[in-house]
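What follows is one structure encoded as C-alpha coordinates, with my remarks underneath.
In the UniProt record's numbering, the protein residues as written are 1 to 220.
Here it is in C-alpha coordinates:
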(Lines of atoms letter the chains of each structure in order from A; the text may use other names.)
(Lines give C-alpha, C1' and ligand atoms only; values in the text may rest on other atoms or scores of the structure.)
Protein backbone atom coordinates (compact mmCIF):
# COMPACT_ATOMS: atom_id res chain seq x y z
CA UNK A 1 0.00 0.00 0.00
CA UNK A 2 1.37 3.47 -0.80
CA UNK A 3 2.16 5.59 2.25
CA UNK A 4 2.82 9.31 2.06
CA UNK A 5 5.45 10.50 4.55
CA UNK A 6 6.67 13.94 5.56
CA UNK A 7 8.74 15.37 8.39
CA UNK A 8 7.98 18.48 10.44
CA UNK A 9 10.46 20.45 12.57
CA UNK A 10 8.44 22.33 15.18
CA UNK A 11 10.12 24.96 17.44
CA UNK A 12 8.64 25.26 20.92
CA UNK A 13 9.41 26.87 24.24
CA UNK A 14 10.30 25.02 27.42
CA UNK A 15 8.18 25.89 30.43
CA UNK A 16 10.75 24.54 32.93
CA UNK A 17 14.03 25.23 31.16
CA UNK A 18 15.90 27.96 29.31
CA UNK A 19 15.60 28.68 25.62
CA UNK A 20 13.81 26.91 22.83
CA UNK A 21 13.86 23.36 21.47
CA UNK A 22 12.74 21.79 18.21
CA UNK A 23 10.43 18.79 18.08
CA UNK A 24 10.86 16.53 15.05
CA UNK A 25 7.75 14.63 13.99
CA UNK A 26 7.22 12.26 11.07
CA UNK A 27 3.79 11.89 9.49
CA UNK A 28 2.50 8.74 7.78
CA UNK A 29 -0.68 8.85 5.68
CA UNK A 30 -1.88 5.56 4.15
CA UNK A 31 -3.26 5.49 0.64
CA UNK A 32 -6.61 4.35 2.05
CA UNK A 33 -6.71 6.96 4.83
CA UNK A 34 -10.01 6.93 6.72
CA UNK A 35 -11.09 10.50 7.60
CA UNK A 36 -13.24 9.11 10.42
CA UNK A 37 -10.51 6.81 11.76
CA UNK A 38 -8.06 7.47 14.60
CA UNK A 39 -4.80 9.37 14.27
CA UNK A 40 -2.08 7.41 16.08
CA UNK A 41 0.67 9.24 17.99
CA UNK A 42 3.73 7.04 18.61
CA UNK A 43 6.27 7.64 21.41
CA UNK A 44 9.50 5.60 21.47
CA UNK A 45 11.48 4.20 24.41
CA UNK A 46 14.68 5.58 25.97
CA UNK A 47 17.58 5.88 23.54
CA UNK A 48 15.46 5.02 20.53
CA UNK A 49 13.98 7.24 17.81
CA UNK A 50 10.79 7.80 15.87
CA UNK A 51 11.56 5.48 12.93
CA UNK A 52 11.58 2.31 15.06
CA UNK A 53 7.80 2.42 14.95
CA UNK A 54 7.67 2.12 11.15
CA UNK A 55 7.24 -1.69 10.99
CA UNK A 56 4.37 -1.38 13.48
CA UNK A 57 2.79 1.46 11.52
CA UNK A 58 3.16 -0.52 8.30
CA UNK A 59 1.52 -3.55 9.91
CA UNK A 60 -1.42 -1.49 11.17
CA UNK A 61 -1.93 0.12 7.78
CA UNK A 62 -1.81 -3.30 6.06
CA UNK A 63 -4.21 -4.71 8.66
CA UNK A 64 -6.80 -2.16 7.60
CA UNK A 65 -6.20 -2.65 3.88
CA UNK A 66 -9.21 -4.92 3.50
CA UNK A 67 -11.63 -2.62 5.29
CA UNK A 68 -13.26 -1.29 2.11
CA UNK A 69 -12.62 1.96 0.29
CA UNK A 70 -11.08 3.36 3.45
CA UNK A 71 -8.80 1.64 5.93
CA UNK A 72 -9.04 1.78 9.70
CA UNK A 73 -6.59 4.62 10.40
CA UNK A 74 -6.60 8.27 9.35
CA UNK A 75 -2.86 8.79 9.78
CA UNK A 76 0.04 8.26 12.18
CA UNK A 77 2.72 10.50 13.68
CA UNK A 78 5.94 9.47 15.41
CA UNK A 79 7.97 11.86 17.55
CA UNK A 80 11.68 12.00 18.40
CA UNK A 81 12.66 13.05 21.89
CA UNK A 82 14.71 16.21 21.33
CA UNK A 83 18.09 14.59 22.07
CA UNK A 84 17.88 11.46 19.89
CA UNK A 85 17.68 10.59 16.22
CA UNK A 86 17.05 13.38 13.72
CA UNK A 87 16.04 15.68 16.58
CA UNK A 88 19.53 15.46 18.09
CA UNK A 89 20.89 16.93 14.87
CA UNK A 90 18.48 19.86 14.68
CA UNK A 91 18.95 20.60 18.41
CA UNK A 92 22.74 20.13 18.38
CA UNK A 93 23.42 23.79 19.13
CA UNK A 94 21.58 23.63 22.48
CA UNK A 95 22.38 20.09 23.68
CA UNK A 96 25.06 19.78 26.37
CA UNK A 97 25.82 18.04 29.65
CA UNK A 98 24.55 21.16 31.42
CA UNK A 99 21.39 21.48 29.33
CA UNK A 100 19.78 18.12 30.05
CA UNK A 101 16.63 17.22 28.12
CA UNK A 102 13.88 15.61 30.21
CA UNK A 103 10.68 13.78 29.42
CA UNK A 104 8.88 16.95 30.51
CA UNK A 105 10.66 18.80 27.69
CA UNK A 106 9.51 16.10 25.28
CA UNK A 107 5.97 16.47 26.60
CA UNK A 108 6.20 20.25 26.16
CA UNK A 109 7.00 19.73 22.50
CA UNK A 110 4.27 17.19 21.82
CA UNK A 111 1.61 19.18 23.68
CA UNK A 112 2.62 22.40 21.93
CA UNK A 113 2.53 20.60 18.58
CA UNK A 114 -1.01 19.32 19.16
CA UNK A 115 -2.11 22.71 20.55
CA UNK A 116 -0.87 24.39 17.35
CA UNK A 117 -4.01 23.19 15.59
CA UNK A 118 -2.34 20.78 13.17
CA UNK A 119 -4.44 17.92 14.49
CA UNK A 120 -7.74 19.69 15.13
CA UNK A 121 -10.74 17.39 14.69
CA UNK A 122 -8.51 14.30 14.77
CA UNK A 123 -9.37 11.39 17.07
CA UNK A 124 -6.03 11.03 18.83
CA UNK A 125 -4.74 7.71 20.18
CA UNK A 126 -1.41 7.53 22.04
CA UNK A 127 0.88 4.51 21.64
CA UNK A 128 3.82 4.68 24.04
CA UNK A 129 6.61 2.19 24.76
CA UNK A 130 8.54 2.17 28.07
CA UNK A 131 9.65 5.77 28.69
CA UNK A 132 7.18 6.68 25.96
CA UNK A 133 4.46 5.59 28.38
CA UNK A 134 5.80 8.13 30.88
CA UNK A 135 5.63 10.76 28.16
CA UNK A 136 2.03 9.77 27.51
CA UNK A 137 1.22 10.49 31.14
CA UNK A 138 2.90 13.89 31.05
CA UNK A 139 0.93 14.87 27.94
CA UNK A 140 -2.36 14.36 29.80
CA UNK A 141 -1.74 17.20 32.29
CA UNK A 142 -2.08 20.95 31.75
CA UNK A 143 1.33 21.89 33.16
CA UNK A 144 2.78 24.48 30.77
CA UNK A 145 0.63 23.53 27.77
CA UNK A 146 -2.93 22.20 27.25
CA UNK A 147 -3.42 18.49 27.90
CA UNK A 148 -3.88 16.26 24.86
CA UNK A 149 -7.47 14.96 24.67
CA UNK A 150 -6.79 11.34 23.71
CA UNK A 151 -9.65 9.08 22.73
CA UNK A 152 -7.59 6.06 23.82
CA UNK A 153 -4.14 5.21 25.18
CA UNK A 154 -2.02 2.11 24.47
CA UNK A 155 0.89 1.49 26.86
CA UNK A 156 3.58 -1.06 25.91
CA UNK A 157 5.88 -2.20 28.77
CA UNK A 158 4.80 0.77 30.91
CA UNK A 159 7.52 2.06 33.22
CA UNK A 160 4.96 3.73 35.45
CA UNK A 161 4.34 3.27 39.15
CA UNK A 162 2.29 5.06 41.77
CA UNK A 163 4.23 6.61 44.65
CA UNK A 164 2.86 4.14 47.21
CA UNK A 165 3.72 1.10 45.09
CA UNK A 166 7.17 2.50 44.35
CA UNK A 167 7.99 3.09 48.01
CA UNK A 168 6.79 -0.39 48.97
CA UNK A 169 9.29 -1.90 46.52
CA UNK A 170 11.94 0.81 46.57
CA UNK A 171 14.89 -1.43 47.44
CA UNK A 172 14.09 -3.92 44.68
CA UNK A 173 13.54 -1.15 42.14
CA UNK A 174 16.79 0.59 43.07
CA UNK A 175 18.67 -2.68 42.62
CA UNK A 176 17.18 -2.98 39.13
CA UNK A 177 18.24 0.58 38.31
CA UNK A 178 21.77 -0.02 39.62
CA UNK A 179 22.04 -3.21 37.54
CA UNK A 180 20.88 -1.33 34.44
CA UNK A 181 23.41 1.46 34.99
CA UNK A 182 26.23 -1.05 35.44
CA UNK A 183 25.19 -2.98 32.33
CA UNK A 184 25.01 0.17 30.22
CA UNK A 185 28.37 1.39 31.50
CA UNK A 186 30.02 -1.89 30.46
CA UNK A 187 28.26 -2.19 27.11
CA UNK A 188 30.45 -2.28 24.05
CA UNK A 189 30.34 1.00 22.13
CA UNK A 190 32.80 0.67 19.22
CA UNK A 191 33.01 -1.59 16.17
CA UNK A 192 35.21 -1.56 13.09
CA UNK A 193 32.25 -1.02 10.75
CA UNK A 194 28.46 -1.19 10.54
CA UNK A 195 28.48 -4.78 9.31
CA UNK A 196 30.39 -5.93 12.39
CA UNK A 197 28.07 -3.96 14.66
CA UNK A 198 24.95 -5.38 13.06
CA UNK A 199 26.26 -8.95 13.38
CA UNK A 200 27.01 -8.29 17.06
CA UNK A 201 23.48 -7.11 17.84
CA UNK A 202 21.75 -9.71 15.66
CA UNK A 203 23.15 -12.51 17.86
CA UNK A 204 22.17 -11.03 21.22
CA UNK A 205 19.04 -10.42 23.25
CA UNK A 206 17.05 -8.20 23.03
CA UNK A 207 18.14 -7.17 19.54
CA UNK A 208 17.82 -10.66 18.02
CA UNK A 209 14.13 -10.57 18.97
CA UNK A 210 13.49 -7.38 17.05
CA UNK A 211 11.93 -7.08 13.62
CA UNK A 212 14.96 -6.96 11.33
CA UNK A 213 13.76 -3.63 9.93
CA UNK A 214 14.02 -2.04 13.37
CA UNK A 215 17.61 -3.23 13.68
CA UNK A 216 18.30 -1.79 10.24
CA UNK A 217 16.91 1.59 11.35
CA UNK A 218 19.54 1.60 14.10
CA UNK A 219 22.30 0.86 11.57
CA UNK A 220 21.81 3.60 8.93
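Even for Gly, the Cβ is constructed at its ideal location relative to N, Cα and C.
Predicted model only: the values in this text are computed from it and were never measured.
- The DSSP assignment places complete beta strand (DSSP E) segments of no fewer than 3 residues inside the segment 40–83 at 75–79, in order along the chain.
- Residue 133 is not a Cβ neighbour of residue 101, given a cutoff of 8 angstroms.
- Buried is the label assigned to residue 109, since at least 16 other Cβ atoms lie within 10 Å of its Cβ.
- Looking at the backbone, the Cα of residue 131 and that of residue 36 are separated by about 29 angstroms.
- Runs of alpha helix (DSSP H) with 4 or more residues, each lying fully within the segment 129–153, are found at 131–138, listed in chain order.
- Excluding five sequence positions before and after residue 32, the CB atoms of its chain that fall closer than 6 angstroms to its own CB belong to 70 and 71, given in chain order.
- Excluding the 5 residues flanking it on each side, residue 45 has same chain C-beta neighbours closer than 7 angstroms at 129, 130, 131 and 132, in chain order.
- At a Cβ-Cβ threshold of 8 angstroms, residue 192 and residue 122 do not count as neighbours.
- DSSP lists 5 and 76 as the bridge partner or partners of residue 28.
- In the structure shown, the three-state DSSP call for residue 194 is helix.
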